[in-house]
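Undergrad:
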Amino acid sequence: MSAPASTGAQRTWQRFTPTERVARSMVYIVTAVAVVWSARTVEVIPEFLYDAPEQTADLFKRMWPFDWGFYPKVVHETLIETFHIATLGTILAIVLALPLSFLAARNFTSNPFLNILAQFIFVSSRSVNSLIWALLFVAVFGPGALSGVMSIAFRSIGFIGKLFGEALEEAQTGPIEALTATGAPRSMILVKGYWPQVEPAFWSVALLRWDINIRESAVLGLVGAGGIGVALDAALNNLYWDQVGLILAVIFAVVVVTEIVTSAIRSRII
Amino acid sequence: MSAAPSPRVRPAAFPANWVARGALLALVLYTVYATSILAITWERFAKGLDNGARFLGRMFPPNMAADKLALIADGMVESIQIAILATFFGVLLSLPLGLMAARNLAPGWLSWSARALIAVLRSFHPVIVAILFVKSVGFGALAGVLALIISSMGFVSKLFAEIVEEMNPKQVEAVRATGASFFNVLIMAVAPQVMARFIGLSVYQLDSNLRNSTMVGIVGGGGIGAALFTAYQRFDYDVVLTILIIIIAIIMLMELVSARVRRVFQ
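Protein sequence lines, in the order shown, are assigned to chains H and B. Residue numbers for the first sequence follow the working numbering, so the first one is 265 and each next one is one higher. Residue numbers for the second sequence follow the working numbering, so the first one is 229 and each next one is one higher.
1. Is the Cβ-Cβ distance between B/GLY445 and B/ALA454 less than 8 Å?
2. Any idea what DSSP makes of H/TYR504, helix, strand or coil?
3. Note down the Cα distance separating B/PHE457 from H/ALA528, rounded to an integer number of angstroms.
4. Grab the span of the alpha helix (DSSP H) containing H/TRP301 for me, first residue to last.
5. At a Cβ threshold of 8 Å, is B/GLN399 touching chain H?
6. Can you name the residues of chain B whose CB is closer than 7 Å to the CB of H/THR320?
7. Under a CB-based cut-off of 8 Å, is H/ALA465 close to chain B?
8. Taking only beta-carbon positions, decide if B/LEU481 is within less than 8 Å of chain H.
9. Can we say the region 338–356 of chain H touches the region 256–270 of chain B, given the rule of at least three CB pairs closer than 8 Å?
10. At 7 Å on the CB atoms, spell out the chain B contacts of H/PHE366, in chain order.
11. Output needed for H/ALA361: all residues of its chain with C-beta closer than 6 Å, excluding positions within five of it in sequence on either side, in chain order.
12. Is it a yes or a no for the region 346–353 of chain B touching the region 326–337 of chain H, going by three-plus beta-carbon pairs under 8 Å?
13. Report yes or no: do the region 304–318 of chain H and the region 304–321 of chain B share at least 3 C-beta pairs separated by less than 8 Å?
14. Give me, in chain order, the residues of the same chain whose beta-carbon lies closer than 7 Å to that of H/PHE401; leave out the 5 immediate sequence neighbours on both sides.
15. Given that H/LEU395 touches chain B, what residues does it touch there, using C-beta distances under 7 Å?
16. Anything in chain H within Cβ reach of B/PHE523, meaning under 8 Å, just list it in chain order.
17. Enumerate, from N- to C-terminal direction, the unbroken beta strand (DSSP E) stretches of 3 or more residues contained entirely within the region 448–495 of chain H.
18. Note down, in chain order, each residue of its chain lying with its Cβ closer than 7 Å to the Cβ of B/GLU483, except the 5 sequence neighbours on either side.
19. Does DSSP classify B/ASN245 as helix, strand or coil?
20. May I ask you to report which of helix, strand or coil DSSP gives H/VAL521?
21. Name the residue from H/GLN507, H/ILE515, H/ALA517, H/VAL514 whose alpha carbon lies nearest to the alpha carbon of H/MET327.
22. At the 8 Å Cβ level, is B/GLU390 part of the contact set with chain H, yes or no?
23. Using the beta-carbon of each residue, which ones in chain H are nearer than 8 Å to B/PHE242?
24. Can you find the residues in the same chain that come closer than 6 Å, C-beta to C-beta, to H/TRP474, ignoring five residues on each side of it along the sequence?
25. Please report the straight-line C-alpha distance between H/SER266 and H/PHE428, rounded to a whole angstrom.
26. For B/VAL489, would you say it is in contact with chain H, using Cβ-to-Cβ distances shorter than 8 Å as the test?
27. Interface residues of chain B around H/ARG288 at Cβ under 9 Å?
28. Could you give the first and the last residue of the continuous alpha helix (DSSP H) run that contains B/TYR432?
29. Hey, does H/VAL338 have any beta-carbon neighbour from chain B nearer than 8 Å?
30. If I follow the unbroken alpha helix (DSSP H) through B/TYR465, where does it start and stop?
31. Please compile the residues from chain D whose C-beta is within a distance smaller than 9 Å of the C-beta of B/PHE316.
32. Taking Cβ to Cβ, would you say H/ILE396 is nearer than 8 Å to B/THR442?
33. Buried or exposed: which applies to H/PHE386, given that a residue is buried once 16 or more other Cβ atoms fall within 10 Å of its Cβ?
34. Do we get a CB-CB distance below 8 Å when we pair H/ARG479 with the residues of chain B?
35. Given that a residue counts as buried once 16 or more other Cβ atoms are within 10 Å of its Cβ, and exposed if not, what is H/ILE476?
Shown next as C-alpha cells:
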C-alpha cells in the first residue's frame, strides 16, 4: 500500500507497491515473450496437419468395435500385473522415503548437511520421469515387472518424501517437548510424538501417490517395464487399433475405479 | 513390600492398536504374495546389481562432446518450448472449464458435464495421449504440445474449480446486488479472490509440463525425449547420463524460478 503523504487534498490509493507492480509486469512481459518465441520457433510440419482430421477419424474407426476376445487372452493378466507393480512400487517407495523424510525435516534432524542431502535425493527423484526411470531400470534388471516396481518406487520417493517431510516440519512442538521432558528416548518421541500428528498427512500422501502410480504403471510397459503397457506397445506396433481401443478403455475403467476407491478410503480414515 | 491391591487397574498409557497391527501384517503378507506373483526373486535382483554396476561404469564419465551437446541443446530447447506452449494454452482453456465445473457459479447440469470432461482428460497418462496425437497429427513437437495441453487442462481446471468453490460468497453477492452482469461478477468479485492461487497453479503446471515434455519424445512427441531414447537404444549410456544431468539441472532451475514467481503474486 503506497500512498503519498496525506498533505495534498487527493490521496491516491494503490493496491500494490511500485516494486510489486514492476515485478508483476516483468512476469507478464517474460511470459508473453516466451510464448511468442516458442510459438514462432517450435517445429511444426504443416504437411502432417492437412490430413489430421481424417487421421483422427480413421483412428477411431479402426478402434471400434473393440477386440473383446483379446481381454481374457492377454489384457487381464497384464492388468493384474500393472496393479501389483503400482502397489508394490508404492510400498517400496514409502519404506525408502520415510527415513529420508525424517532426515529432511529440519525440526527432527538438526544437521543441515543431512537436510540438504535428503532434499537433493528428493529433487533428483522427482526430476527424472517415471518412464525415464523405467528406461534406466530396464537396462539394469532387464525387461519385466521388477524394473517397473523399481522405477515406480524411485519416482515416488521424491514425491512422498517431500510432502511427508513438509508435514513433519509443521508438527506442533508441544507434545514433542512434553515427551522429551519425561525422558523418552528418541525412537519413542518419533512414534508417540510425531507419528500421531502426521499420520493423516501420511495416509493422504500415500493414497494420492498410489492413485498416480496406477496411472503411471500403465505406460511403463512401453519401454519394457511390465504391465499393461507391454500389451499396448505390442498392439500399437502391430497396428491392431481394435486392441489398442480395448486396452485404453480398460485403463480408463481402472483409473475411474481407483479414483472412487481412494476417495472412499480418504473420506473414511482421514 | 506387600502393596495393597489397587482397587482399579490403570489403563495403559499407550494401548496397543490391534487394528493397525493387523493392517500392517496384511500389508507385509501382500508384499510377499505380490513379489512372488511378479516373479521378483533375490537372485534376479542380485544379478541386476551386477548389471547396474556395469551400466553405471559405462555411463561415467558423461559424454561432453561438442556435437552431442549441440544436439542435446536443440532437444532441450524444444522441450522447453513444448512446456511453455502447452502450459499457456492449457491454462487458458482451463479458465472457462474450471469456472463451468465450479458448483457455486455454474448450474448443476453444466458443472456435472464439465466435471465429467475433466475426469476423462485426467484419466489418461500424457504419454498415451501423446501416442494418439502422434497418430493424428504426425511426429514432432505439435503432438507433444497437444498431449500436454490435455493433461494441463485436466489438472489445472480440477484444482481451479476447487479454488473457486472455496472463495468467499459475500463479495459475489455484493457485486450481484449492484445489478452487475455475470461477466462483471467474474471480473469484480471472483477474479480478485482466486487469481493469485490460479497463477500459482499455472506456475506449478509449467514445472510439471517441463518434466513431462522430457518424456513425450519417447513416443515421438518431440523434445529431448527423442534424443534420450535414441542414445539409449544405441547403448550410448554416457550420452544418456549427460542428458539426465541437464534435465535435472534445468528442472531444479525452473523450480527456483517458479518459487520466485509465486512469491511475486502472493
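By construction, the Cβ of each residue, glycine as well, lies at the ideal position given by its N, Cα and C atoms.
TA: According to the structure shown:
1. yes
2. coil
3. 39 Å
4. 282–305
5. no
6. SER364
7. no
8. no
9. yes
10. Correct list: empty, because the minimum Cβ distance to chain B is about 19 Å.
11. ILE421, ILE424, GLY425
12. no
13. yes
14. SER411, MET414, SER415, ALA489
15. VAL355, MET443, ILE446
16. The structure shown does not extend to residue 523 of chain B, since chain B is modelled only from 229 to 494, so the question has no answer here.
17. none
18. ASP435
19. coil
20. helix
21. H/GLN507
22. no
23. LYS456
24. THR354
25. The predicted model places H/SER266 with a pLDDT of 47, which falls under 50 and marks its position as unreliable; any figure quoted below should be read in that light. Roughly 40 Å between the two C-alpha positions.
26. yes
27. VAL492, PHE493
28. 419–441
29. no
30. 465–492
31. The structure shown contains no chain D; its protein chains are H and B.
32. yes
33. buried
34. yes
35. buried
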